[in-house]
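Step one of this worksheet: look at the structure below.
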Amino acid sequence: MKFEFDRSSFAAVGGLAAAAAAGYYLYQNYVRKPNCPITPHVIPRAIPLVGNIVRALRAQSLDENVKDFEEAFPKETIAFMLPMQGWVVATVSPKNAEWILRTNFENYPKGPKLHDILEDFLGDGIFSTDEQIWRTHRKRAAPMFSLTMLRDFMFKVFVKHTNTMLEMIQEAADKGETVDMYSLLNRFTLECVGEIGFGTELGCLRDSDFEFMSAFDRANELSELRGWNPFWKILRLFNLGPEAMLRQDVSTLNRLSLSIVRERREELLRCDDDRAFADAVRSSRSRASRQLSKTSSMSGSVTTTVSSLRNSSRKGLKVRFTDENSEDGTIDDSSPLEVSKTLRPSTAETPRSHAPPSAACRDFLSLYMTADPTTTDSQLRDMVLNFLIAGKDTMSQAMSWALYELMQHPRVLQKAREEIKKAREETKGGDLNFEVTRNKLPYLVSVLHETLRLHPSVPRLFKTAKNDDYLPDGTFIPQGSITVVCAHTMGHLKSVWGEDAKEFRPERWMEMKSFPSSAKHVAFQAGPRECLGRHMAMLEMACAMSHLLEAFDFEPAMDLKECVPRSGLTLAMKNGLHVKVQRSGQQPARSSSERLVETRGA
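In the numbering used here, the protein residues as written are -2 to 599.
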């Protein structure tokens, strides 16, 4: 439905917004005023009705956030008031992070406010839910990260798509073209996620205009913007501004994700080497068919297949909006930093009762479909998008920031290349196979950890206080307030990482006697919500980066000062990472038809 606005309509919307803000302000400050000061570190001079919104908007800039905490030192916690949001308490204290993320985990769920903000984009997936729904998602996903799955399935997918990516870079080098490595790495990780997560080759690696990726990236950014805009629900109601754009992008995401689900159901029915498995899929499909009539009535026809979407992505598909650390394998914080430990996956195997029967049926989507035959298409859609934000954004962004740093630190780059060369020479057959990538590249892994320290893929971790609480530094946390663990800021502070905190120095990781607590190095969260796929992430990045650094020389084709973070749930690059490339060491270029990576032994 399209609305036409005149001046009186806008005045009505403005009046409604002002009334809502006033009501919320009076409630927070007079009806539910805390019985004691929230914290000795409150940002002063909150303006009635407006709160500290100007200061909060300034804090959207990660660099400004670092400055705020540097100025507040030795204070490690800052609190401010947002209109219609209440108190926001941000901390960079590892002790506070440990308390919020692990020790008192049950008191700091995502909470209804954050679920509300993310629901249109991520639905009821693992990143936006709490308690039993979250536990169910985590339990179903855990078997995917066994050593067997990493070695026999995922690593081969990484190598295959790395080959394609290297061929594309070689083609650009042959033509003297620049390459946006940020865009290319985003498409690389999306292609890997498509095959590992959904058993589908999306065909996006060679398609720089893949519409689904553009819609996904915008929805990510616009969803995060809601957290800073107290009036986003009013904008959504009248389909205005960023909410209108988000609605359109979510429609595109729904269209493709639902088509992935339905196409995968049909493919799984062909896995007839296990009759019980096929029966489970048929039962799941029957349940989904009943759900489909409800979904289709809201969103229109959704019978488009993944293959047809791949073909139509260049044409600009138009769709309508649908209205609609861990206890299981945490790295031991006291263990020495070894690449085998930083990449080692959980040893848990896929439960026999839900084990897919063949290599063709062992992706995430298959596990979800067969684990519970009552799972609906809508629930599977949520799983698809949540797995994408975990598997696409975090890794592509980390590798992009790693290249950004390496182009500015030639000494580090050379040292990483020497390690890769030595590892290949010491390996029978000269392959960078699974065992080599996992165990023989400690300096490259240190480069990745150092990148994640300074450029964490999730720069802020948002939680909601279920009950009144006190942090270890004495900060009072009122019930319902938003707490923020500022991972990006923490990685830049001398008080946390020493005098050289802002220096890119991978050697620090090899000099440590023990791996830092995940409450200090928060790249993969901490406590019960620590990232299940952290070992997969390190393996994928080590695989791709080792071949990239070995094969090519990268030179900036832009002012690297323009490589700044873009607001979002994850740490995107606002202007991309445009580079010139040539074969490493100015070697004669091989033809683009050659395989640049040998896959034997993978």
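Think of the CB as a built atom: it goes at the ideal place given N, C-alpha and C, for glycine as much as any other residue.
Got a sec? Which residues, its chain only, sit under 7 Å from residue i by beta carbon, not counting five neighbours each side?
i: ALA399; result: VAL444, LEU445, THR448 and MET542
i: MET178; result: SER397, LEU400, LEU574 and VAL576
i: SER581; result: GLU547, ALA548, PHE549 and ASP550
i: ALA498; result: HIS489, LEU490 and LYS491
i: PHE521; result: SER515, GLU527, CYS528 and ARG531
i: ASN104; result: ALA462, LYS463, ASN464 and ASP466
i: THR175; result: ALA554, HIS575, VAL576 and LYS577
i: SER180; result: SER205 and GLY573
i: TRP96; result: LEU468 and PRO469
i: ARG223; result: ILE114 and TRP229
Since I believe residue j is in contact with residue i (beta carbons under 8 Å), could you give me their beta-carbon distance rounded to a whole number of angstroms?
i: VAL481; j: VAL63; result: Not a contact, Cβ separation roughly 14 Å.
i: LYS460; j: GLY108; result: 7 Å
i: LEU59; j: ALA516; result: Not a contact, Cβ separation roughly 20 Å.
i: THR472; j: THR74; result: 5 Å
i: TRP84; j: ALA76; result: 6 Å
i: ASN251; j: MET210; result: So it is not a contact: roughly 15 Å between Cβ atoms.
i: VAL455; j: MET535; result: That belief does not hold up - the Cβ atoms of VAL455 and MET535 are roughly 15 Å apart, past 8 Å.
i: PRO562; j: MET507; result: Contact doesn't hold; Cβ gap of about 27 Å is too wide.
i: SER564; j: VAL381; result: Actually they are not in contact, since the Cβ atoms of SER564 and VAL381 sit about 24 Å apart, beyond 8 Å.
i: VAL519; j: LEU568; result: Their Cβ separation, rounded to whole angstroms, is 13 Å, which puts VAL519 and LEU568 out of contact at 8 Å.
i: MET392; j: GLU192; result: At roughly 14 Å, the Cβ-Cβ gap does not stay under 8 Å, so MET392 and GLU192 are not in contact.
i: ARG137; j: LEU364; result: 6 Å
i: LYS110; j: ILE479; result: 7 Å
i: THR161; j: LEU202; result: 5 Å
i: LEU187; j: LYS389; result: 5 Å
By the three-class DSSP mapping on this structure, what secondary structure does residue i have?
i: MET570; result: strand
i: ASP390; result: helix
i: GLN476; result: coil
i: LEU199; result: coil
i: GLY565; result: coil
i: ALA76; result: strand
i: PHE66; result: helix
i: ASP214; result: helix
i: VAL409; result: helix
i: GLY224; result: coil
i: ASP379; result: helix
i: ALA602; result: Outside the displayed span of the chain (-2 to 599) sits residue 602, for which this structure offers no information.
i: GLY108; result: helix
i: GLY495; result: coil
i: ARG359; result: coil
i: THR88; result: strand
i: GLY122; result: coil
i: ARG349; result: Low per-residue confidence applies at ARG349: pLDDT is 34, beneath 50, and the placement is therefore not dependable enough to give any value.
Leaving aside the five residues before and after residue i along the sequence, list all residues of the same chain whose C-beta is less than 6 Å from its C-beta, in chain order.
i: VAL258; result: ASP374 and LEU377
i: GLN476; result: ALA462, ASN464 and ASP465
i: PHE118; result: ALA216 and SER220
i: LEU451; result: GLY488
i: ASP214; result: none
i: THR424; result: VAL433
Between the beta-carbon of residue i and the beta-carbon of residue j, is there less than 8 Å?
i: ASP556; j: VAL578; result: no
i: ALA484; j: LEU163; result: no
i: LEU529; j: SER220; result: no
i: PHE431; j: VAL190; result: no
i: MET141; j: LEU265; result: no
i: ILE123; j: HIS112; result: no
i: PHE195; j: ARG359; result: no
i: PHE501; j: GLU416; result: no
i: PRO600; j: VAL493; result: The chain is shown only over -2 to 599; residue 600 falls outside these bounds and no answer can be derived.
i: HIS437; j: ALA413; result: Checking the displayed sequence, the identity of residue 437 turns out to be Lys instead of His. It is not a contact, given that the beta carbons lie outside the stated cut-off.
i: GLU240; j: TRP225; result: no
i: PRO503; j: VAL409; result: yes
i: ARG148; j: THR197; result: no
i: PRO407; j: PHE102; result: no
For chain B, is any of its Cβ atoms less than 8 Å away from the one on residue i?
i: GLU188; result: The structure shown contains no chain B, having only a single protein chain.
For residue i, which residues in the same chain have their Cβ closer than 8 Å to its Cβ, ignoring the five residues on either side in sequence?
i: CYS540; result: PHE152, PHE155, VAL156, THR159, LEU429 and THR434
If we require 3 or more residues per run, which beta strand (DSSP E) segments fall completely within the segment 128 to 177?
none
Entirely within the segment 502 to 560 and at least 3 residues each: give me those beta strand (DSSP E) ranges in chain order.
549 to 553
Every unbroken alpha helix (DSSP H) inside the segment 431 to 493 [4 residues or more]:
431 to 436, 439 to 451 and 484 to 487
Where are the alpha helix (DSSP H) runs, 4 residues long or more, that stay fully inside the segment 231 to 276, in chain order?
238 to 265
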